[in-house]
Amino acid sequence: MSEEILINITPMETRVALVENGVLQEVHIERTLRRGIVGNIYKGKVVRVLPGMQAAFVDIGLERAAFIHASEVSDREGQAVEAITALLHEGQGLVVQVTKDPIGTKGARLTTHLSIPSRFLVYMPRTPHVGISLKIEDEAERDRLKQVVSACVETEGVDEAGGFILRTAAEAAREEEIRADIRYVRRLWSQISQQTQAAPAPSVIYEDLPLALRTLRDLVCPRTEKIRVDSRETFQKVEIFVQELMPAVQSLLEHYPGERPIFDLYGIEDEIHKALERRVMLKSGGHLVIDQTEAMTTIDVNTGAFVGHRNLEETIFKTNLESAMAIARQLRLRNLGGIIIIDFIDMVDEDHQRQVLRTLEKQLERDHAKTNIIGITELGLVQMTRKRTRESLEQILCEPCPCCTGRGIQKTPESVCYEIFREILREARAYQAGAYTVLASQAVIDRLLDEESGNVADLEIFIERPIRFQVETVYTQEQYDVVLM
């Protein structure tokens with residue numbers, strides 16, 4: 001199993017693709033104007049305490065107040081969690097970390113149990129505990145890692161409390177690599193502590209790494225064979241980051257200077273478009289129907305045109321097996337989180353049911369997000385959860401369609417603008433033209449002439465050609481044409 005990480009950089013956004021054996025498995029998008037805040041540490045102020053919900057709202061300087069539950073403030077667990085009124089009061093200052101981005105109408109989720117991640121471990125300055133990722137199953141390796149951390153902490157001679165969680169990437173890591181990580185997170189925590197003393201509330205104390213660097217920290221694993229970056233400037237930043245924190249990864253880095261966009265080279269753009277559709281076609285002729293709602297995501301499995309060669313049970317079993325593999329990939333690709341209900345085609349044979357569930361579990365082992373398969377209900381539905389910390393691909397790229405009162409989705413004017421920019425770059429590299437005319441809807445043209453005017457000007461300088469705009473009232477928001485003049 002080989003992996004490649006592709007990093008596509010433009011001034012407007014950073015996009016990362018994780019490709020396994022030539023097949024896209026994950027896409028991460030971070031827009032310059034709308035960066036995610038998971039992992040950021042803030043000095044906030046409690047604005048409202050809700051005894052009935054055992055929670056409070058905290059102002060951390062965002063448009064909407066963030067939410068914190070009593071269990072994320074108290075050091076006790078389960079039924080022993082203290083009352084929120086005993087823990088917090090209005091006007092109180094509070095140092096918190098974001099665990100979930102604001103999604104839809106919901107504000108960010110917070111915790112006071114701070115953690116600072118590095119390549120091999122997560123430092124918890126307020127929790128004196130050493131834990132190891134459950135994905136490291138070898139007992140001898142788990143013991144070795146515990147001893148390495150204990151030895152490192154003792155030789156570093158630091159008295160302050162704090163604990164560590166060894167990440168999956170720490171498996172087989174050398175002692176000096178873990179020692180370097182411990183020094184890094186301790187140094188970072190010292191800076192954060194100093195800033196906390198002087199900063200007013202609300203204010204940001206620490207921001208997590210930008211997507212390109214976060215990707216290297218979180219996604220690189222022993223299976224990673226190549227990391228390709230299509231921006232010279234970002235490549236240089238990545239090189240410096242890798243030299244300091246991940247020297248073993250240096251040989252995997254590669255700058256991609258090609259004329260053809262890197263995502264086109266690997267067929268990523270087409271896969272992203274497919275990942276926004278409800279229906280996912282299977283090779284057998286069957287298909288999945290994926291519906292994402294605020295409460296949960298439902299996935300329906302259908303045999304479609306697949307009729308099998310022997311009998312109905314064989315047809316159903318083969319379709320469900322293929323679906324289990326496809327579903328695991330779609331959860332990662334679309335970044336679907338929360339409660340997920342899968343309606344496999346009913347199977348009579350219990351052994352078939354076990355094999356399908358086992359296949360799903362096996363495929364989910366490579367998922368970087370925490371997943372939990374709860375089992376099959378009396379109705380034959382598979383219940384599972386997948387940890388949700390950031391918006392799904394659909395939530396980033398799309399918005400509810402006003403024409404269908406929210407029943408469907410459409411790409412935002414921002415997304416369409418960026419598609420137009422990429423199309424113009426593609427055309428400029430392939431054909432010689434005196435100028436370009438963009439035909440699009442009113443909303444898209446308005447954005448191109450307003451918020452994106454600076455990017456348009458930069459693009460005109462880069463391609464050395466003028467770009468004109470024309471509103472087409474019959475075009476939908478997603479429709480556009482780039483005409484060579």
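Just so you know, UniProt numbering puts 266 at position 266 of the sequence shown, and the rest follows in order with no gaps. Beta carbons are placed, not taken as given, at the ideal position from N, Cα and C, and that holds for glycine.
For residue i, list the residues DSSP reports as bridge partners.
{"i": "A170", "result": "Paired residues: none, contrary to the question."}
{"i": "T224", "result": "E3"}
{"i": "I467", "result": "Y436"}
{"i": "G163", "result": "M124"}
{"i": "V23", "result": "E20"}
{"i": "N8", "result": "R15"}
{"i": "Y42", "result": "V96 and V204"}
{"i": "Q410", "result": "E399"}
{"i": "I136", "result": "Its beta-bridge partners do not exist; DSSP assigns none."}
By the 10 Å Cβ neighbour count, where 16 or more other Cβ atoms means buried, how is residue i classified, buried or exposed?
{"i": "F317", "result": "buried"}
{"i": "A457", "result": "exposed"}
{"i": "K283", "result": "exposed"}
{"i": "residue 486", "result": "The question about residue 486 has no answer here: the residues shown for the chain are numbered 1 through 485."}
{"i": "A66", "result": "buried"}
{"i": "Q348", "result": "A quick correction: the sequence has Val, not Gln, at residue 348. The residue is exposed, with fewer than 16 neighbouring Cβ atoms inside 10 Å."}
{"i": "I420", "result": "buried"}
{"i": "F462", "result": "exposed"}
{"i": "V416", "result": "buried"}
{"i": "L291", "result": "A small fix is needed here, since residue 291 is Asp in this sequence, not Leu. Exposed is the call here."}
{"i": "residue 500", "result": "One cannot answer for residue 500 here, as it falls past the ends of the chain, which runs 1 to 485."}
{"i": "T451", "result": "Looking at the sequence itself, residue 451 is Glu, so the reference to Thr does not match. Exposed, since its Cβ has fewer than 16 Cβ neighbours within 10 Å."}
{"i": "Y418", "result": "buried"}
{"i": "I445", "result": "buried"}
Along the chain, where does the alpha helix (DSSP H) that runs through residue i open and close?
{"i": "N455", "result": "S453 to I463"}
{"i": "R186", "result": "E175 to A198"}
{"i": "L33", "result": "Note, L33: premise wrong, no alpha helix (DSSP H); not H, not E."}
{"i": "S415", "result": "P413 to A430"}
{"i": "Q442", "result": "Q442 to L449"}
{"i": "R332", "result": "L312 to R334"}
{"i": "R354", "result": "E350 to L364"}
Specify, as a first and last residue, the run of the beta strand (DSSP E) that residue i falls within.
{"i": "M296", "result": "M296 to N302"}
{"i": "V289", "result": "H287 to Q292"}
{"i": "D481", "result": "Y480 to L484"}
{"i": "A17", "result": "E13 to E20"}
{"i": "residue 494", "result": "Nothing about residue 494 can be reported from this structure: the residues present for the chain run from 1 to 485 only."}
{"i": "E399", "result": "C398 to P400"}
{"i": "I268", "result": "Segment I268 to K274 is the alpha helix (DSSP H) holding I268; no beta strand (DSSP E) there."}
{"i": "M281", "result": "R279 to M281"}
{"i": "D343", "result": "G338 to D343"}
TODO: Taking only runs that begin and end inside the region 366–396, name each unbroken beta strand (DSSP E) of 3 or more residues, in chain order.
DONE: 371–376 and 382–386
Task: Whole alpha helix (DSSP H) elements within the region 48–129, 4-residue minimum - done: 84–87
- [ ] Evaluate contact between the region 131–149 and the region 166–173, counting only Cβ atoms and requiring at least three cross-stretch pairs below 8 Å.
- [x] yes
Open item on the list: Three Cβ pairs or more, each shorter than 8 Å: is that satisfied between the region 63–80 and the region 228–245?
Closed with: no
Open item on the list: Three or more C-beta pairs under 8 Å: does that hold for the region 182–195 against the region 15–24?
Closed with: no
Open item on the list: Going residue by residue through the region 216–263, where are the continuous beta strand (DSSP E) segments of at least 3 residues, counting only ones entirely within it?
Closed with: 224–229 and 253–255
TODO: Count the CB pairs spanning the region 204–216 and the region 406–423 that are closer than 8 Å, and state whether there are at least three.
DONE: no
Task: Touching by the beta-carbon criterion (3+ pairs, under 8 Å), the region 252–260 and the region 217–233 - done: yes
Open item on the list: Taking 8 Å as the cut-off, does the region 349–362 touch the region 374–382 (at least 3 CB pairs, one atom from each stretch)?
Closed with: yes
Open item on the list: So, does the region 391–403 touch the region 321–338, judging by three or more C-beta pairs under 8 Å?
Closed with: yes
Task: Cβ pair count under 8 Å reaching 3, the region 256–274 against the region 195–202 - done: no
Task: Contact the region 43–56 vs the region 67–77: 3+ CB pairs below 8 Å - done: yes
TODO: Assess, as a yes-or-no matter, whether the region 269–282 is touched by the region 360–376 under the definition of 3 or more beta carbon pairs within less than 8 Å.
DONE: no
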